[in-house]
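Numbering (my numbering), first residue to last: 2 to 306.
The beta-carbon is built from N, C-alpha and C at its ideal position, and this holds for glycine as well.
Below is one structure, written out as structure tokens; comments come after it.
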DNA sequence: CACCCGTGGCA
DNA sequence: TTGCCAAGGGT
């Protein structure tokens, strides 16, 4: 959960997950829809699918115990170099360097690495390994992350408090904030679409499940046109059913990792007897909690009134 | 290797 | 308001 996500954001989700699935076996037995609905709002939903797959792998082929080596951990779904090293060092007290964004920043400043991220990643990792102590690997891993989070911060680092002040090349240069150097980011394009809010007389809303992979994979959504650079040419052609669609005087704005979305909302009211088209289902608001609505869809659903 | 993949808080 | 940033991983 903490991959690219802050502790404050993760906290309530983590507590809810442990309460609902107290063991790896329990999580392995869960259905993916349950896991995704419990993850809804956290983002990067492939993590939820991978976590579930990981639980199944550990419960099934490892007899319920996690591997205790970096290589063994790395073979599990959702566990990459960082997480494998984090578990190996913190849980198993093995000599490993979980190089996260904090480590990268600390190391980049210590050695005044001029190469820009993300290309510098391999170099930073190699430099990080040279810092590893001969004992207390778990403590060291967490100390590095906490040093980056509280002292060697992205802006206004508290160098005066840093135990490595005397060894830090960037500090000696007087420009610690100049590191790590980062490559220019590509501009974030805007995509547009129309969302179709079909409301049945009994209060049910028409919903479908997104494809298993890709953006918001496996999550629930209100049907919509494709999201593309240009305004949708003929939105009605993508409507899930024939109805008196009313274009609302409002748009939903949402920012994803690599594009911004402007979603117009069209709404229609239908008789309580209206059947759900193929691939769709009617869901009462009381059932929304069991759905895996990503944040953008929560915004769309505000226009139910 | 480059790109894809969410969300919310904060300066 | 805009951009940055957060305990990265998969393909």
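Among 234, 268 and 242, which one has its Cα closest to the Cα of residue 352?
With the chain running from 2 to 306 in the structure shown, residue 352 is simply not present.
Here's the rule I'm using: 16 or more other beta-carbon atoms within 10 Å means buried, otherwise exposed. How should residue 226 be labelled?
Residue 226 comes out buried.
Suppose the cutoff is 8 Å on Cβ atoms and the five residues either side in sequence are ignored; what does the same chain contact list for residue 156 look like?
These residues qualify, in order along the chain: 178.
Report the start-end ranges of each alpha helix (DSSP H) in the segment 7 to 81 that is 4 residues or longer and not cut off at the edges.
For the segment 7 to 81, whole alpha helix (DSSP H) runs of length 4 or above, ordered along the chain, are 8 to 21, 25 to 30, 33 to 40, 47 to 62 and 71 to 75.
What are the uninterrupted segments assigned as beta strand (DSSP E) that are 3 or more residues long and contained completely in the segment 183 to 265, given in chain order?
Fully enclosed beta strand (DSSP E) runs of 3 or longer: 191 to 201, 206 to 210 and 247 to 256.
Please list the terminal residues of the continuous alpha helix (DSSP H) segment that includes residue 126.
Segment 122 to 130, the alpha helix (DSSP H) holding residue 126.
For residue 113, which residues of its own chain have a beta-carbon under 6 Å away from its beta-carbon, when the five flanking residues on both sides are left out?
The answer, listed in chain order, is 170 and 171.
Measuring straight from C-alpha to C-alpha, what distance separates residue 216 and residue 202?
About 31 Å.
Are residue 242 and residue 199 close, meaning C-beta to C-beta below 8 Å?
Yes, the pair counts as a contact, with Cβ atoms nearer than the cut-off.
Buried or exposed: where does residue 88 fall if 16 or more other Cβ atoms within 10 Å of its Cβ makes it buried?
Counting Cβ neighbours within 10 Å, residue 88 comes out buried, since at least 16 surround it.
Closest to residue 306 by CA distance: which of 45, 266 and 46 is it?
The option with the nearest alpha carbon to residue 306 is 266.
Mind reading off the beta-carbon distance from residue 260 to residue 192? Whole number of angstroms is fine, and I expect it under 8 Å.
Between residue 192 and residue 260 the Cβ distance is about 5 Å, and since that is below 8 Å, they are a contact.
Give me the Cβ distance between residue 46 and residue 5, rounded to the nearest whole Å; I'm assuming they're in contact under 8 Å.
Rounded, the Cβ-Cβ distance is 13 Å, inconsistent with contact.
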